[in-house]
């Protein structure tokens, strides 16, 4: 079975990376390869997650992420006992804190390095998430131009204009949430700040970017957020739903070189229809508005779907809808198929609404049963593009 070869290769790599004993990588209950014991019981235990990048926007590449779980001895023992008495018992418990550190690069010269942390207090009544990263993104930007013409004087124009960009910089993102009583609702605030420079190999575009945006630019924004979450697992849900919304303001009064607003609402839901079959849905809507004449070409939101090139479809309004069906072969293996469609709409009279769809299939293996951590591969295709992704989680 090809899946087993992948897991065996991951097992050997994980043991080599961690220097841990062979026996600590197999589950006490079912005897299958499992990282849960190693993560929980070793002082420096972590889950090494390989990054294999096939994103059409940046080309092939790779890297590595280390996932660290931080739990007290009491929390570890509670999770261990829950996992010993039920196949999904440990997965139902919320991990106290998580840290992720990673780096990757791609064949077109894009690269990034980051560190992030998630911490909770008072039995998850207060939740903090923060991270920082630096890198360079070499991306092609596309603009669809549609002009009806004026009588016999100017002919109609219907074309797509593209140019390359190199964005280099450092960014910081953090959020703080507070639970409302004992409900699934959390309210909070969010901050984002970045220092970047944007260039293009096209000399005309580069001069235009330098004239409109300057050599470097600072982005600084504050916002509010709300989240309602009833999912039964943080990493790979099989039931429940989540709805999240936020509104961000980027303004010169906050130290930003640009002035604009972003709002978004997204949701996902998981419905078990039989013991082995689960259907899932996800959707999001993003709205962008500004009075500035010129903004960085990567500022506008874009359609985010597996198989669709990042930043290929940008707009002032973005909407996507996805569906996914999953079949449980057993408690370790899952296979799924998915389909999604997105729409990008510009306020400009010179651009028309863009629509794209994508579809694919994938599989997951439960890599750490104590935490309900699944890892696997998705293969997706859209109009003229295809890619495969190594995913830690549901894939949405």
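In my numbering, the protein residues as written are 617 to 1012. Even glycine gets a Cβ: it sits at the ideal position worked out from N, Cα and C.
Next on the checklist: Taking 8 Å as the threshold (C-beta atoms), are residue 725 and residue 789 in contact?
Outcome noted: By one-based count along the chain shown, residue 789 stands at place 173. By one-based count along the chain shown, residue 725 stands at place 109. Not closer than 8 Å, so no.
Next on the checklist: Taking only three categories from DSSP, how would you classify residue 947?
Outcome noted: Translated into the one-based positions of the chain shown, residue 947 becomes position 331. Residue 947 falls in the coil class under three-state DSSP.
Checklist entry - Is the beta carbon of residue 819 less than 8 Å from the beta carbon of residue 780? => result The count along the chain shown starts at 1 and reaches residue 819 at position 203. The count along the chain shown starts at 1 and reaches residue 780 at position 164. For residue 819 and residue 780, no; Cβs fall outside 8 Å.
Checklist entry - Mapping DSSP to helix, strand and coil, what is residue 1052? => result This structure leaves residue 1052 out entirely; the chain is present only between 617 and 1012.
Checklist entry - Looking only at DSSP bridge pairs, what is residue 700 linked to? => result Reading the chain shown from its first residue, position 84 is the one you call residue 700. Residue 700 is not bridged to any residue.
Checklist entry - How about residue 954: is its Cβ closer than 7 Å to a heavy atom in the ligand MG? => result The ligand MG is absent from the structure shown, which contains no ligands of any kind.
Checklist entry - What's the call for residue 799, buried or exposed, on a 16-neighbour Cβ count within 10 Å? => result Position 183 of the chain shown, counted from the first residue, corresponds to residue 799. Classification for residue 799: exposed.
Item to check | alpha helix (DSSP H) runs contained entirely in the segment 808-874, provided each spans 4 or more residues | outcome: 819-829
Checklist entry - How is residue 726 classed by DSSP in three states: helix, strand or coil? => result Your numbering for residue 726 matches position 110 in the chain shown. Residue 726: coil per DSSP, three-state reduction.
Item to check | Buried/exposed call for residue 987, threshold 16 Cβ in 10 Å | outcome: Here residue 987 refers to the residue found at position 371 of the chain shown. Counting Cβ neighbours within 10 Å, residue 987 comes out buried, since at least 16 surround it.
Checklist entry - Going straight from the alpha carbon of residue 973 to that of residue 939, what length do you get? => result Residue mapping note: residue 973 aligns to position 357 of the chain shown, counting from 1. Residue mapping note: residue 939 aligns to position 323 of the chain shown, counting from 1. Rounded to the nearest angstrom, the two C-alpha atoms are 12 Å apart.
Item to check | Inter-residue CB distance, residue 874 and residue 911 (contact presumed, cutoff 8 Å) | outcome: Counting from 1 along the chain shown, the entry for residue 874 is found at position 258. Counting from 1 along the chain shown, the entry for residue 911 is found at position 295. Right, their Cβ atoms sit about 5 Å apart.
Checklist entry - What separation, rounded to the nearest whole angstrom, lies between the Cα atoms of residue 846 and residue 738? => result Reading the chain shown from its first residue, position 230 is the one you call residue 846. Reading the chain shown from its first residue, position 122 is the one you call residue 738. Approximately 18 Å, taken between the alpha carbons.
Next on the checklist: Would residue 720 and residue 728 qualify as a contact pair, given that the criterion is a beta-carbon distance under 8 Å?
Outcome noted: In the chain shown, the residue the question calls residue 720 occupies position 104. In the chain shown, the residue the question calls residue 728 occupies position 112. Against a cut-off of 8 Å, the Cβ pair of residue 728 and residue 720 comes out as a contact.
Checklist entry - Which two residues bound the contiguous beta strand (DSSP E) that contains residue 1002? => result Taking the first residue of the chain shown as 1, we reach residue 1002 at position 386. Start and end: 1001-1008.
Next on the checklist: In the DSSP assignment, the beta strand (DSSP E) including residue 898 goes from what residue to what residue?
Outcome noted: Taking the first residue of the chain shown as 1, we reach residue 898 at position 282. 893-906 is the span of the beta strand (DSSP E), which, as asked, contains residue 898.
Item to check | Contact set for residue 980: own chain, Cβ-Cβ below 6 Å, skip 5 residues either direction | outcome: For this step, residue 980 is matched to residue 364 along the chain shown. So the list reads 950, 990 and 992, once near-sequence residues are dropped.
Checklist entry - Leaving out five residues before and five after residue 942 in sequence, what residues of the same chain have Cβ atoms less than 6 Å from its Cβ? => result For the purposes of this step, residue 942 is taken as residue 326 along the chain shown, with counting starting at 1. Result list for residue 942: 894, 950 and 952, in chain order.
Next on the checklist: Please classify residue 886 as buried or exposed, where buried requires at least 16 other C-beta atoms within 10 Å of its C-beta.
Outcome noted: To locate residue 886, count along the chain shown from 1; it is residue 270. Label assigned to residue 886: buried.
Checklist entry - Out of curiosity, what's the CA-to-CA distance linking residue 592 and residue 901? => result There is simply no residue 592 to check, as the chain begins at 617 and stops at 1012 in what is shown.
Checklist entry - Is it buried or exposed for residue 994, if we count other Cβ within 10 angstroms and need 16 for buried? => result Taking the first residue of the chain shown as 1, we reach residue 994 at position 378. Residue 994 is buried by the Cβ-count criterion.
Item to check | Distance between residue 860 and residue 801 (C-alpha atoms, nearest Å) | outcome: Reading the chain shown from its first residue, position 185 is the one you call residue 801. Reading the chain shown from its first residue, position 244 is the one you call residue 860. Taking the straight line joining both Cα atoms gives about 10 Å.
Checklist entry - If you follow the beta strand (DSSP E) that residue 994 is part of, which residue opens it and which one closes it? => result Walking along the chain shown from the start, residue 994 turns up at place 378. Segment 989-998, the beta strand (DSSP E) holding residue 994.
Checklist entry - Taking only runs of the alpha helix (DSSP H) that begin and end inside the segment 727-755, which ones reach a length of at least 4 residues, in chain order? => result none
Item to check | Close-in-space but distant-in-sequence residues of the same chain around residue 1012 (CB under 6 Å, 5 per side omitted) | outcome: Against the chain shown, residue 1012 aligns to sequence position 396. So the list reads 884 and 898, once near-sequence residues are dropped.
Checklist entry - So what's residue 916 in DSSP terms, helix, strand or just coil? => result Here residue 916 refers to the residue found at position 300 when the chain shown is read from its first residue. Residue 916: coil per DSSP, three-state reduction.
Checklist entry - At what residues does the beta strand (DSSP E) containing residue 876 begin and finish? => result For the purposes of this step, residue 876 is identified with residue 260 of the chain shown, where counting begins at 1. Unbroken beta strand (DSSP E) run through residue 876: 876-888.
Item to check | Length of the line joining the Cα atoms of residue 767 and residue 969 | outcome: One-based indexing of the chain shown puts residue 767 at position 151. One-based indexing of the chain shown puts residue 969 at position 353. Its pLDDT being 49, under 50, residue 767 is placed unreliably by the model, and nothing is read from it.
Item to check | residue 955 versus residue 669: straight-line alpha-carbon distance, rounded | outcome: Numbered from 1 along the chain shown, position 339 holds the residue referred to as residue 955. Numbered from 1 along the chain shown, position 53 holds the residue referred to as residue 669. Using only the alpha carbons, I get a separation of about 21 Å.
Checklist entry - Taking just the CA atoms, how far does residue 647 sit from residue 804? => result Residue mapping note: residue 804 aligns to position 188 of the chain shown, counting from 1. Residue mapping note: residue 647 aligns to position 31 of the chain shown, counting from 1. If you take the alpha carbons of residue 804 and residue 647, they lie about 43 Å apart.
Item to check | Three-state secondary structure (DSSP) of residue 656 | outcome: Here residue 656 corresponds to residue number 40 of the chain shown, with the count starting at 1. Correct three-state label for residue 656: helix.
Checklist entry - Taking the C-alpha atoms as reference points, what is the distance between residue 983 and residue 690? => result Looking up residue 983 in the chain shown gives position 367. Looking up residue 690 in the chain shown gives position 74. Distance between the alpha carbons of residue 983 and residue 690: 23 Å.
Checklist entry - Three-state secondary structure (DSSP) at residue 641? => result As a first step, residue 641 is located in the chain shown; it is residue number 25 there, counting from the start. Correct three-state label for residue 641: helix.
Checklist entry - Which stretch, first to last residue, makes up the beta strand (DSSP E) that contains residue 662? => result Here residue 662 refers to the residue found at position 46 when the chain shown is read from its first residue. Segment: none, residue 662 is in no beta strand (DSSP E) and carries neither H nor E.
Next on the checklist: Starting from residue 680, trace the beta strand (DSSP E) in both directions and tell me its first and last residue.
Outcome noted: As a working note, residue 680 is residue 64 in the chain shown. Start and end: 677-686.
Item to check | For residue 690, three-class secondary structure by DSSP | outcome: Numbered from 1 along the chain shown, position 74 holds the residue referred to as residue 690. Residue state, collapsed to three classes: helix.
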